[in-house]
DNA sequence: TTCGAGTATGAGACCGCTCCCAGAGATCTT
DNA sequence: AAGATCTCTGGGAGCGGTCTCATACTCGAA
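Chains as they are written, first to last, in my numbering: chain A, 1 to 339; chain B, 340 to 678.
Structure representation (structure tokens):
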């Protein structure tokens, strides 16, 4: 069996009280006693039982992360990198990370509820926020600690981190307009997702500025996947709108769109320009390499986790709201408008 | 405060013993009493405290999964899908999933140790096995429950699931040889990884059969990433060997290799054929779509988790060792040898 | 000298749950 | 009718920690 406080106490003829406090470095324990206890603990190979400690402290030292996924073939590079960021920060702060995947909706909400009510986690990281996000509404109602990556519509009285996607998209449009593009199509994620709204907002704002110069915009909704981007681009290409540039709201869809365009014999970056958003590793190695907006997703993961840890520790965060400024990554998927 | 057994007991004038057993449906509790207890529990909104139960049961109902990652930019589609498989199965079986990411080596081993010794998990899922795997050696030594995705060299006295990668690669080589290819280059992962060995073994076996027909093989080691595949393909293309086909040991490297080949103006599937392995979603949408070997990674995740759960429950699994037979997915990245 | 403050340790409750064991009735056996 | 058996419930220990409170001792100040 595992070594307990009692074993140490017995060995050195002290009580568990003393041992416990010595090991936790309380300053009401004599230095020699501390020394004695520590040596005995080392010798016996003592390791505290996390469960017992958690029960007593009424804390789980665990952070929950429930990834919203559609269907089993879930392979979003976004999440794996975000996960790594959150996980490493959590580990560094002494927290465990409890991960689940649930499709948005009923099951997802149940997962949040049961994790809270059965005392499995101390706080949640929310990812990929939705406009009127039921997760955030619920956590707020329960007064349960959380931090999110992404904002919501309405009151923002919780710690969050987000990228200024609107500004990122504005930069994309400005870049494209500088290359002469006026007829631009945009492939959007479901508009219930907040980041989709921000990105679309940036696109619209950019196009508004182009209105006097004949700017035209067509927005088509898709589903964030590569396949979705492919299909949607095909729809766009069949359409009479015939854009000179396609602005996809994430890299995965942009890469899917590239396939569709290339399949029709067009050259990406010459006949049609394509942009993405996120700067996933794949974007650098697509063919041609994808012009996109950088989103440091690993760092965002660590920062979101840090925000939550601050809340859990009861520290007053200097900054509860972090908005990162994006940067445009110019590669070869865009070129001047063909005449 | 949360409702406890004691609250229910007090309310109906019974003891916590009775309440506990009624809720756990022990058959030594009278049916009316059970009814009474259940109603009171519902009324008060009782939810058992997981921590307390776990402490008492000396079980954590938690499965550990430590993903081996190199560097922070960790975005392997492989892992996210595997994770989803494991996670969903764990949830279905009433287990929590504790996830960490660690670079292989010292830190990784410490994570295993501390998770075991501080009683955080009941068992581990090991992924991406290595030839003489320190994780498996350790868990075996500690007699700690685990199941793995992947085999090791030597004794296989633990539950595992694996794909018959050797056979998969054999099929690839046969397919390529059928198209007339004889000078074949292979981009390999680090050979310390078991699946690399199996895949290379299959490649060699296939080439051995081609020896009488002038088959020539060049193997170059890379690192599983898209970037690695790109760089390694460039090295290959600079080499005098000039292969007519490149067999990459995973899809990510294959896609990277495609970029390199295309950058030099070659047409993939005509001038040079390329194959991958894994059939990640991206493979379908690369340009051209990638010929590869299917590996149902989501299902593998669920099955690995199931193996572990059987061990944890003390059930005797009918099958402790599962080898899946792969299937070749033919797409457009291969063609007949150019003369 | 005596009291108060400070220091170091012990005793024991408690977190919320499970489970062993005892015991009270009810029913059955001979 | 008396003991044996069965059914149901209660008492209480214990999982492995933490924390409050009490206590014994030392020491300097009034």
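A virtual CB, placed ideally from N, CA and C, is assigned to each residue, including glycine.
Return helix, strand or coil for residue i, following the three-state DSSP convention.
i: residue 76/A; result: coil
i: residue 406/B; result: strand
i: residue 580/B; result: coil
i: residue 293/A; result: strand
i: residue 495/B; result: coil
i: residue 590/B; result: helix
i: residue 102/A; result: strand
i: residue 435/B; result: strand
i: residue 339/A; result: coil
i: residue 425/B; result: helix
i: residue 344/B; result: helix
i: residue 600/B; result: helix
i: residue 652/B; result: helix
Please name the residue, chosen from the options, that lies closest to residue i on a Cα-to-Cα basis.
i: residue 478/B; options: 397/B, 501/B, 447/B and 506/B; result: 447/B
i: residue 678/B; options: 609/B, 567/B, 579/B and 483/B; result: 609/B
i: residue 48/A; options: 16/A, 220/A and 66/A; result: 16/A
i: residue 380/B; options: 395/B, 366/B and 359/B; result: 359/B
i: residue 188/A; options: 247/A, 14/A, 215/A and 175/A; result: 247/A
i: residue 162/A; options: 169/A, 137/A and 127/A; result: 127/A
i: residue 597/B; options: 288/A, 229/A, 257/A and 242/A; result: 288/A
i: residue 267/A; options: 245/A, 84/A, 35/A and 306/A; result: 245/A
i: residue 76/A; options: 239/A, 227/A and 290/A; result: 227/A
i: residue 647/B; options: 394/B, 426/B and 391/B; result: 426/B
i: residue 563/B; options: 351/B, 436/B, 437/B and 407/B; result: 407/B
i: residue 306/A; options: 157/A, 240/A and 123/A; result: 123/A
i: residue 368/A; options: 449/B, 424/B and 460/B; result: The shown model of chain A, from 1 to 339, leaves out residue 368/A, and the question about it has no answer.
i: residue 568/B; options: 431/B, 534/B and 525/B; result: 525/B
i: residue 70/A; options: 398/B, 423/B, 535/B and 404/B; result: 423/B
i: residue 53/A; options: 24/A, 44/A, 65/A and 327/A; result: 24/A
i: residue 295/A; options: 106/A, 216/A and 79/A; result: 79/A
i: residue 375/B; options: 384/B, 385/B and 361/B; result: 361/B
i: residue 90/A; options: 286/A, 106/A and 60/A; result: 60/A
i: residue 345/B; options: 383/B, 511/B, 373/B and 371/B; result: 383/B
i: residue 667/B; options: 582/B, 660/B and 512/B; result: 512/B
i: residue 601/B; options: 588/B, 620/B and 576/B; result: 576/B
i: residue 275/A; options: 192/A, 222/A and 171/A; result: 171/A
i: residue 403/B; options: 390/B, 483/B, 579/B and 342/B; result: 483/B
What are the boundary residues of the alpha helix (DSSP H) that includes residue i?
i: residue 138/A; result: 134-142
i: residue 123/A; result: From DSSP, residue 123/A is part of no alpha helix (DSSP H) but of the beta strand (DSSP E) over 123-127.
i: residue 195/A; result: 194-210
i: residue 379/B; result: 370-383
i: residue 147/A; result: Careful: residue 147/A lies outside any alpha helix (DSSP H), inside the beta strand (DSSP E) at 146-149.
i: residue 359/B; result: 355-362
i: residue 50/A; result: 50-57
i: residue 624/B; result: 620-624
Considering just the uninterrupted stretch of the beta strand (DSSP E) at residue i, what are its terminal residues?
i: residue 160/A; result: 160-163
i: residue 118/A; result: No beta strand (DSSP E) contains residue 118/A, which DSSP labels as neither H nor E.
i: residue 522/B; result: 522-527
i: residue 217/A; result: 216-221
i: residue 225/A; result: Run containing residue 225/A: none; DSSP gives neither H nor E here.
i: residue 660/B; result: 660-663
i: residue 274/A; result: 273-275
i: residue 666/B; result: 666-668
Looking at C-beta atoms only, is the number of pairs between the segment 644-659 of chain B and the segment 439-455 of chain B that lie closer than 8 Å three or more?
no
Counting Cβ pairs closer than 8 Å, one from the segment 447-458 of chain B and one from the segment 520-527 of chain B, do we hit at least three? no
| said: Would you call the segment 299-309 of chain A in contact with the segment 267-286 of chain A, where contact means no fewer than 3 C-beta pairs closer than 8 Å? | reply: no
Subject >> Cβ contact (3+ pairs, closer than 8 Å) linking the segment 250-262 of chain A and the segment 227-236 of chain A >> reply: Because the criterion of three Cβ pairs below 8 Å is met, the segment 250-262 of chain A and the segment 227-236 of chain A touch.
Practice task
Using a Cβ-Cβ cut-off of less than 7 Å, give me the residues of the segment 88-114 of chain A that come near chain B, in sequence order.
Solution key: 88, 91, 96, 97, 98, 99, 100 and 101
Inset, instruction - For the segment 362-380 of chain B and the segment 328-335 of chain A, state whether three or more C-beta atom pairs, one from each stretch, are separated by less than 8 Å. - result: no
Taking 8 Å as the threshold, find out whether the segment 166-180 of chain A comes into contact with the segment 199-217 of chain A through three or more Cβ pairs.
yes
Contact residues within the segment 268-281 of chain A, judged by C-beta distance below 9 Å to chain B: 280 and 281
Near-chain A residues of the segment 353-372 of chain B (beta-carbon distance less than 7 Å), N- to C-terminal order:
none
According to a CB-to-CB cut-off of less than 8 Å, which residues of the segment 577-599 of chain B neighbour chain A?
Listed by position along the chain: 594, 595, 597 and 598.
What are the residues of the segment 369-394 of chain B that lie near chain A, defined by any Cβ-Cβ distance shorter than 7 Å?
386, 387, 388, 389, 390, 391, 393 and 394
ask   = In chain order, what residues of the segment 555-570 of chain B put their CB closer than 9 Å to some CB of chain A?
value = 564, 565, 566, 568 and 569
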